[in-house]
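See below for the structure under consideration.
Residue numbers (this note's numbering): 4 to 216.
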């Protein structure tokens, strides 16, 4: 998880790590590829095939139902998400985020939490090695936010994916194996938490207090 106050550079760091922006100095290496050395086409292909993104705003297509929104990455890539293995993958991730009974609902028929789960399923359907999540619970209430974090946790554990989560919320950051605290564009502290079934934020809050952060 990446934590820090507003304007500290959290989202900028996430965009650099995900290849959405290119660094003015230094290197970002993703699966052995130095992003700044890739052409725009190569960088786009790497992002499409090996990474997924979840943002604070859901960015769902209003006229498409859950299944169609989740399958959108395949549609954009020129594949039919309704056939064979791709259809099975769409159903699989819809089940992972507990929306199996609402696959034909449009976004306006879903709650905010359900819409965010659709966005997560859409990011997971391509089976990315890395998932980048920028304040995915920022617009949600506590209970709904916890459900979203649980869905991300299941994906990490069951699919072996790496998730990089930007958040200002210590309760969300407590789901992570380690937390980097960013301020003024620099990583001030890295706090190891380890893989835990108990996602209590108490150890993280205590450590941040000790550091005066």
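Glycine residues also receive a C-beta, built at the ideal position from the N, C-alpha and C atoms.
Check: Quick one: Cα of residue 33 to Cα of residue 27, how far?
Finding: 17 Å
Note to self: Please tell me whether residue 151 and residue 116 are closer than 8 Å, where the distance is taken between their beta carbons.
What the structure shows: yes
Margin query: Going by beta-carbon coordinates alone, are residue 131 and residue 54 separated by less than 8 Å?
Written below: yes
Margin query: Check this for me: beta carbons of residue 100 and residue 124, under 8 Å apart or not?
Written below: With contacts defined as CB atoms closer than 8 Å, residue 100 and residue 124 qualify as a contacting pair.
Next item on the list: Enumerate in chain order the residues of its own chain whose CB-to-CB distance from residue 210 is below 8 Å, with the five nearest sequence positions on each side excluded.
Entry: 194
Check: residue 186 lies in the alpha helix (DSSP H); which residues open and close that run?
Finding: Taken as a continuous stretch (DSSP letters only), residue 186 belongs to no alpha helix (DSSP H), being part of the beta strand (DSSP E) at 181-186.
Item checked: residue 97 (DSSP reduced to helix, strand or coil) -> helix
Item checked: Cβ contact (3+ pairs, closer than 8 Å) linking the region 8-19 and the region 174-194 -> yes
Next item on the list: Would you grab the beta carbon distance between residue 176 and residue 4 for me? Rounded to a whole angstrom, and I think it's under 8 Å.
Entry: The Cβ separation is near 4 Å, so the contact holds.
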